[in-house]
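Residue numbers (this note's numbering): 45 to 486.
Quick reminder that beta carbons are idealized off the backbone N, C-alpha and C, glycines included.
Note that this is a predicted model, so its numbers are computed, not measured.
So the structure is just underneath, and the comments pick up after that.
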Ligand SMILES: NC(=O)c1ccc[n+]([C@@H]2O[C@H](COP(=O)([O-])OP(=O)(O)OC[C@H]3O[C@@H](n4cnc5c(N)ncnc54)[C@H](O)[C@@H]3O)[C@@H](O)[C@H]2O)c1
Ligand SMILES: [Fe+2]
């Protein structure tokens, strides 16, 4: 990738400005890359209806990729029954674990080959959907999975993918990306290809009512992070902005309800729409430092993706705030925190405060419990590399600034902070604000 060379060629002092111009320029082209959109089926029972539709495509055998929790909960029944009723055979690979590691995906790949499957139903959270995408492209491009990482590395079209997200979420049902993990290098790798976008996706909120509150919280803030990072980044377009704003409004209106009352189907459906809208926004406009740092936490410490984003989001937003005041103000208005007549700086501050408050209400910890001081330089280096070679961030940071930002989530030596029910430290608003302000002034 041409952008990979920039950090090595440009002197450090001019890197930030140079990268910003280059990334903005790249956005002029990325907006014209054709990205397909799946046919969406929405509503309780839509996964079964999608099964009926898939049966019409005449696949000989469909591989359903999912995780053990989902198959034990019986969530596959609707789609599977409909496929069988339509005369399509299915086999289930239900071994996916969070951040699906490469050796497990290889196992799924062997299973898919053994059963001679010609389509995949990607059923689950981002881990199952992304494992499905990786299997789909590796089936038709037989080479080591790691070498498929990056942009457009597969020559042949992947097997057709049909997605059923069970978290809200990653938005993977509409995105060009598959994020998988490589345990041998303690990192996460991303396969990017517009042909990885599923052909169809069913947003079936009835599958989400049993999602545990802490997963609801973390995955919901992942969706918010997609919306916010795509909205404030330099590749935003009127289309992605519309999607990001809609997602933000829906998340502020519904995520707390889903967290407290998981069985609320109406709120679950709104969250599943929000997650898809945010996916449509970021698959074109991309993400930023929150994701760049969260991916390092996921690779090194296996921190759940949404949780890692949630912990970093307030800090990165406070750092970037001077460059994105207008966008933060627009987000605040859409989140119903104020109205257009108020000054942008006031609205922006309201949005920053509201993100912290939302985190607190959802039991998101202030600190990353596994973070070690000694790891911070390498984590920051890898995060900056990821961001500076791929993400159109609105305000660049040096490695030292990134280290300072990560240090804000280092657990304090003394355990005097209040804790959540799970024993993790949780922020007082004042503590959150002070910590973030300190980092943004560096
Ligand atoms: N491809 C993309 O565009 C994209 C975007 C963001 C994140 N990701 C990746 O997605 C992965 C994270 O996905 P995730 O946050 O959805 O989590 P996940 O798929 O790892 O699932 C988290 C947990 O929730 C459980 N679960 C899922 N649905 C459930 C349900 N309906 N009821 C009960 N339990 C349920 C799972 O069994 C699992 O234990 C990460 O690897 C991340 O990097 C991909
Ligand atoms: Fe994400």
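Contact belief for residue i with residue j at Cβ below 8 Å, rounded distance in angstroms
i, j, result
"residue 424", "residue 447", "4 Å"
"residue 331", "residue 195", "So it is not a contact: roughly 15 Å between Cβ atoms."
"residue 149", "residue 189", "6 Å"
"residue 209", "residue 319", "7 Å"
"residue 295", "residue 268", "5 Å"
"residue 284", "residue 329", "4 Å"
"residue 117", "residue 254", "6 Å"
"residue 207", "residue 174", "No, residue 207 and residue 174 are not in contact; Cβ-Cβ is about 10 Å, not under 8 Å."
"residue 82", "residue 252", "Contact doesn't hold; Cβ gap of about 18 Å is too wide."
"residue 348", "residue 142", "6 Å"
"residue 198", "residue 181", "5 Å"
"residue 281", "residue 378", "That belief does not hold up - the Cβ atoms of residue 281 and residue 378 are roughly 17 Å apart, past 8 Å."
"residue 250", "residue 309", "7 Å"
"residue 358", "residue 396", "7 Å"
"residue 219", "residue 327", "4 Å"
"residue 381", "residue 354", "Residue 381 to residue 354, Cβ: 19 Å. No contact."
"residue 95", "residue 122", "7 Å"
For residue i, the first and last residue of its enclosing alpha helix (DSSP H)
i, result
"residue 390", "388 to 405"
"residue 153", "146 to 158"
"residue 228", "That residue, residue 228, is in no alpha helix (DSSP H); it is neither H nor E in DSSP."
"residue 425", "420 to 432"
"residue 207", "Not the alpha helix (DSSP H): residue 207 falls in the beta strand (DSSP E), residues 205 to 209."
"residue 287", "282 to 304"
"residue 355", "349 to 364"
"residue 320", "309 to 329"
"residue 113", "112 to 116"
"residue 215", "Residue 215 -> no alpha helix (DSSP H), and no H or E assigned at all."
"residue 269", "257 to 276"
"residue 17", "Residue 17 cannot be examined here, being either before or after the span of the chain that is shown, 45 to 486."
"residue 377", "369 to 378"
"residue 123", "121 to 129"
"residue 341", "333 to 345"
"residue 454", "First-last for residue 454: undefined, no H or E at that position."
Own chain residues within Cβ distance below 6 Å of residue i, not counting five before or after
i, result
"residue 99", "127, 130 and 132"
"residue 374", "none"
"residue 479", "In this predicted model, residue 479 has a pLDDT of only 43, less than 50, meaning its place in the structure is not dependable enough to derive any value."
"residue 428", "443 and 446"
"residue 287", "321, 324 and 325"
"residue 47", "With a pLDDT of 39 at residue 47, under the threshold of 50, the modelled position of that residue is not reliable, and the figure given next carries that caveat. If we look at residue 47 and ignore the five residues flanking it on each side, its Cβ neighbours are 433."
"residue 371", "275 and 276"
"residue 134", "106, 108, 124 and 127"
"residue 360", "333 and 334"
"residue 84", "245"
"residue 402", "none"
"residue 248", "90 and 91"
"residue 311", "298, 301 and 302"
"residue 426", "340"
Contacting residues, own chain, Cβ-Cβ under 8 Å from residue i (five flanking each side not counted)
i, result
"residue 420", "447, 450, 451 and 454"
"residue 465", "The predicted model places residue 465 with a pLDDT of 34, which falls under 50 and marks its position as unreliable; any figure quoted below should be read in that light. 407, listed in sequence order."
"residue 314", "294, 297 and 298"
"residue 405", "300 and 303"
"residue 201", "184 and 239"
"residue 417", "451 and 454"
"residue 155", "107, 135 and 137"
Same chain, Cβ closer than 7 Å to residue i, five either side skipped, listed in chain order
i, result
"residue 103", "132, 162 and 163"
"residue 369", "388, 389 and 392"
"residue 339", "232 and 430"
"residue 176", "109, 164, 166 and 205"
"residue 159", "105, 107 and 135"
"residue 34", "Given that the chain is displayed from residue 45 to residue 486, the structure contains no residue 34 and the question cannot be resolved."
"residue 78", "238"
"residue 438", "276, 277, 278, 364, 367 and 368"
"residue 483", "Reliability fails at residue 483, whose pLDDT of 39 lies under 50, so the model's placement of it is uncertain and the value that follows must be treated cautiously. Counting only Cβ-Cβ distances below 7 Å, and skipping sequence neighbours, we find 359, 362, 363, 448, 449 and 452."
"residue 153", "179, 182 and 183"
Segment limits, beta strand (DSSP E) that includes residue i
i, result
"residue 105", "105 to 109"
"residue 532", "Outside the modelled stretch of the chain, which goes from 45 to 486, sits residue 532, for which no answer is possible."
"residue 134", "133 to 137"
"residue 168", "163 to 168"
"residue 86", "83 to 86"
Residue i Cβ short of 7 Å to ligand 3 heavy atom set
i, result
"residue 168", "Annotation note on ligand 3: not contained in the displayed structure, which lists ligand 1 and ligand 2 as its ligands."
>> Would the segment 204 to 214 count as touching the segment 259 to 275 if we require 3 or more Cβ pairs under 8 Å?
In response: yes
> Are the segment 239 to 256 and the segment 276 to 291 touching, with three or more C-beta to C-beta distances below 8 Å?
Replying inline: Flag = no, the segment 239 to 256 and the segment 276 to 291 do not touch.
>> Check whether the segment 335 to 347 and the segment 224 to 236 are in contact - that is, three or more C-beta pairs closer than 8 Å.
In response: yes
> Any chance the segment 331 to 340 sits against the segment 304 to 313, with 3 or more Cβ pairs inside 8 Å?
Replying inline: no
> Looking at C-beta atoms only, is the number of pairs between the segment 133 to 146 and the segment 109 to 121 that lie closer than 8 Å three or more?
Replying inline: yes
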